[in-house]
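Asker: For the sequence shown, position 38 (counting from the first letter as 1) is numbered 505 according to this note's numbering, and the numbering increases by one without interruption.
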Amino acid sequence: MQGLKALVIFMGVLIVAGTTALAILMVKKFNRMGEEETPAVVMQEAGDIPTPSVQVSGPGGHFGDVTEKLPAGSRVLSTHVSGALLLVRYQSADGEAILVFDMEAGKKRGVLTLQAQP
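(1) With respect to the beta strand (DSSP E) encompassing E535, which residues constitute its N-terminal and C-terminal limits?
(2) Quick check: the Cα distance between R576 and F568, rounded to an integer number of angstroms?
(3) V533 and G573: beta carbons closer than 9 Å?
(4) Does DSSP put G550 in a helix, a strand or coil?
(5) Could you check how far apart the C-beta atoms of T580 and A564 are, in whole angstroms? I think they sit under 8 Å.
(6) Considering only DSSP beta bridges, list what R576 is partnered with.
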């Protein structure tokens, strides 16, 4: 009887340990899934951009490359992807502006110009 009791206790410990290990592995995998997704657009630092132009390619490159010229002397401050939209914030002599691109259509949606109040 003592052998059977020891076997039942041992198997209970194995079940608890296995369930705990499985839960830990699942949490790690779910956390890692969000990090491994490849963004449609690679973020660049402002110093890495050689000319004041922005090239956009959508998922699978269905529309090819689109080049949007920025005003002379412009500097890209940041980029952000929101769904199918690419937002490019830049500084020019006229102030700051945000270009809005539709990455699925490969077209510029518009420009939001930011001006200080007089």
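Glycine included, C-beta positions come from ideal geometry on N, C-alpha and C. As the structure is a prediction and not an experimental result, all values here were calculated from the model.
Answerer: Answer, in terms of the structure:
(1) For E535, the uninterrupted beta strand (DSSP E) segment begins and ends at 533-536.
(2) Rounded to the nearest angstrom, the two C-alpha atoms are 5 Å apart.
(3) With contacts defined as CB atoms closer than 9 Å, V533 and G573 qualify as a contacting pair.
(4) Coil.
(5) Contact holds; Cβ gap of about 5 Å.
(6) None, per the DSSP bridge assignment.
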